[in-house]
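Taking it in order: structure first as structure tokens, then the write-up.
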Amino acid sequence: MFGKVLIANRGEIAVRVIRACRDAGIRTVAVFSEVDREALHVRLADEAHPIGPSAASESYLVIDRLVDVARLTGAEAVHPGYGFLSENARFAEACQAAGLVFIGPPPAAIARMGDKTAARRAAMDAGVPVVPGTPDPVSSDEEARRAARDLGFPVLIKAARGGGGKGMRVVANPDDLASAMRLARSEATSAFGDGTVYLEKAILEPRHVEIQVLADAHGEVLHLGERECSIQRRHQKLIEESPSSAVNAALRADMGAAACRLMASAGYQNAGTVEFLLAPDGRFYFLEVNTRLQVEHPVTELVTGIDLVREQLRLAAGESLGYAQSDIHSRGWAIECRISAEDPAAGFIPSPGRIAAWRSPGGPWVRVDAGVYEGGEVPLHYDPLMAKLIVWGGSRDDAVSRMSRALAEFTVSGVKTTIPFHRAVMRHPDFLAGRLSTAFVERAFGGGRDLPAPSAARARAAAVAVALRSRAPAPAPALDGPSRWTLAGRPGSGIPRR
Ligand code: MV4
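So for the sequence shown, the working numbering puts the first residue at 6; every next one is plus one.
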């Protein structure tokens, strides 16, 4: 196993990886931008090094700087977390070229799955169902008309280079096709520098269900069941659960086998996720592969008992999985709520700032993966995710009531949070009945606009919490060496405790 790992990320996922390393006796190297000098991941790592200004493009995304820090600190491997460089094949290659192990799939697998049309072809070749559509890009309006007639309306125009729903357009009837093609092409050109589009039959009211996969370097590929991720808004997931109330044992076995076939055929290694659309009629269709650890991985951990980050470390070190599909069992139900510094009552606009009060829930089967602390700052430069609240229950009903209880305990002030949104979802009749689709948030909450105001008692409690914690923060020292937070108080550091 590795002696030292560099974590090329920040926030809750950097903290998550540091914890897995510490559990495994591995030393950790954190990196930080100017605004992150006193961030939680910096305080928890064994050592922490500056990598540049606050803009991610000048720090967390600078491949050469990250590789340099890894080399200088004697790290043997690099964990990319999610986002930033986690799905960048050039970063994985640069790590390998510098003699570092990239904790993720081989660069070729990242590159292949990053090309959505290549991934779609790989799925078809592996016998994995894909949504009926044009096998090749559509260039003329005439070609589009013919394809749409064969597929049947409504159809979706998708950008070949697209992702996250960008450049996607629904067309309900033939009259709208030509203008929709023009719009989709120009959107795709400005978003991805490539106006190539293709057509798919539109699946109405789908669920977003994904399969977690683990693959070792010896050809073994296993799946850890599904995650239901339909509760999202504008392609940002808000709540995830495992299992899905729409998936029974037979469907799980089918989807799991399909995901494993695809990953095996792609020469995949480490942890990865295969995303599917699940139609109301129970048919499933391949969407894309995420070649990284995902935000929502903890719900799978809680139902399977498998530490996915520990597995990533073991697999990257060349170890065999060491267990079979029949050894993996899912027990009970897990739900995750993403706690972001966003104002759900104002269209989920980011609400960066200082966290005046932070009281997170606890108790049995409640897990809080946070990347922040009371008195700390949520910078405006990055994703506003502060923490993930994950609970387990023996049944879905138990998990929902435990989540409601945990959300009731959660007090945050100084920034607006998504907590009120989550409290409202936990009471919604469609959610309680497991009646979900990707349209749930728009349908149930008008996209988040129709939220109940917090009670007067909650507003008073928040005001008191702020009043009690208005201590001025210490100014951040200059960016000139390792952070004081991780050195202060350590024998021989020469830095006095504050
Ligand atoms: C679809 C679809 C319906 N039919 N494809 C959106 C993101 C991109 N990766 C794929 N997406 C969709 N593709 C067909 N043929 C509906 C969506 C979709 C969606 C998918 C997953 C999660 C959330 C979504 C929200 C809206 C639309």
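In this text, a Cβ means the ideal position worked out from N, Cα and C, and glycines have one as well. Fair warning: this is a prediction, and the values are worked out from it, not measured in the lab.
By a C-beta neighbour count over all protein chains shown, 10 Å radius and 16 as the cutoff for buried, is residue i buried or exposed?
i, result
"Val469", "exposed"
"Asp130", "exposed"
"His213", "buried"
"His302", "buried"
"Arg187", "exposed"
"Ala339", "buried"
"Glu341", "buried"
"Glu192", "buried"
"Pro344", "At residue 344 the sequence reads Ile, which differs from the Pro that was named. That one is buried."
"Arg489", "buried"
"Val175", "exposed"
"Ile354", "exposed"
"Leu209", "exposed"
"His427", "buried"
"Ser365", "buried"
"Arg503", "Residue placement at Arg503 is flagged as unreliable, the pLDDT there being 46, under the threshold of 50; a coordinate-derived value is accordingly withheld."
"Arg336", "exposed"
"Pro110", "buried"
"Pro85", "buried"
"Asp332", "exposed"
"Glu414", "exposed"
"Pro349", "buried"
Have a look at residue i and residue j and give me their C-alpha separation to the nearest angstrom.
i, j, result
"Ile395", "Gln317", "21 Å"
"Ser442", "Lys121", "23 Å"
"Gly88", "Ala152", "35 Å"
"Leu243", "Cys26", "27 Å"
"Arg410", "Ser247", "19 Å"
"Asp51", "Asp28", "13 Å"
"Gly170", "Phe281", "14 Å"
"Ala322", "Val279", "23 Å"
"Ala263", "Val133", "6 Å"
"Phe7", "Asp485", "28 Å"
"Ser64", "Arg70", "8 Å"
"Met408", "Gly119", "35 Å"
"Leu320", "Arg465", "50 Å"
"Val135", "Pro425", "37 Å"
"Ile23", "Ala351", "34 Å"
Let's see if you can read the secondary structure: which residues bound the alpha helix (DSSP H) around residue i?
i, result
"Ala183", "Leu182 to Phe197"
"Glu63", "Neither: Glu63 is in no alpha helix (DSSP H) and is coded neither H nor E."
"Lys121", "Lys121 to Asp130"
"Ile424", "Ile424 to Val430"
"Ile12", "Unbroken run through Ile12 is the beta strand (DSSP E), Lys9 to Ile12; no alpha helix (DSSP H)."
"Leu292", "Careful: Leu292 lies outside any alpha helix (DSSP H), inside the beta strand (DSSP E) at Phe289 to Asn295."
"Pro487", "Element bounds for Pro487: n/a, residue is neither H nor E."
"Gln101", "Ala94 to Ala102"
"Glu316", "Leu313 to Ala321"
Who does residue i pair with in a DSSP beta bridge?
i, result
"Gly398", "Trp338"
"Phe107", "Val83"
"Lys393", "Arg343 and Asp374"
"Asp348", "Ile354"
"Val175", "Leu161"
"His228", "Val218"
"Phe236", "Strictly speaking, residue 236 in this sequence is Ile, with Phe absent from that position. According to DSSP, Ile236 bridges with Ile244."
"Val383", "Gly358"
"Gly261", "Looking at the DSSP assignment, Gly261 forms no beta bridge with any residue, so it has no partner."
"Gly138", "Glu205"
So residue i is in the beta strand (DSSP E); what residue range does that whole segment cover?
i, result
"Ile56", "Glu52 to Gly57"
"His213", "Arg212 to Ala220"
"Thr278", "Asn275 to Leu283"
"Ile162", "Val160 to Ala164"
"Gln241", "Gln241 to Ser247"
"Thr33", "Arg32 to Ser38"
"Ser418", "Thr416 to Ser418"
"Arg364", "Ala362 to Arg364"
"Val202", "Val202 to Lys206"
Could you check if residue i belongs to the surroundings of ligand 3, using beta carbon to heavy atom distance under 7 Å?
i, result
"Thr443", "No copy of ligand 3 occurs in the structure displayed; its ligands are ligand 1 alone."
> Does the count of Cβ pairs from the region 263-274 and the region 205-225 closer than 8 Å reach three?
Replying inline: As far as the Cβ criterion goes, the region 263-274 touches the region 205-225, which means the pair count is three or higher.
>> With three or more beta-carbon pairs closer than 8 Å as the criterion, would you say the region 34-41 touches the region 323-333?
In response: Judged by Cβ distances under 8 Å, the region 34-41 makes no contact with the region 323-333, as fewer than three pairs qualify.
> Would you say the region 151-167 touches the region 228-240, given that touching needs at least three Cβ pairs under 8 Å?
Replying inline: With the cut-off at 8 Å, the region 151-167 and the region 228-240 do not touch.
> At a cut of 8 Å, does the region 179-195 reach the region 108-123 through at least three beta carbon pairs?
Replying inline: The region 179-195, when compared against the region 108-123, does not touch it at the 8 Å Cβ threshold.
>> Within 8 Å, do at least three Cβ pairs link the region 8-15 to the region 42-56?
In response: Short answer: they touch.
> How about the region 356-374 and the region 382-395: do they share at least three Cβ pairs that are nearer than 8 Å?
Replying inline: Contact annotation: the region 356-374 touches the region 382-395, with at least three C-beta pairs closer than 8 Å.
> Should the region 290-300 be called in touch with the region 358-370, which here means at least 3 C-beta pairs below 8 Å?
Replying inline: As far as the Cβ criterion goes, the region 290-300 does not touch the region 358-370, which means the pair count is below three.
>> Using a Cβ distance threshold of 8 Å, determine whether the region 89-97 contacts the region 252-261, with at least three qualifying pairs required.
In response: Verdict: no, contact absent.
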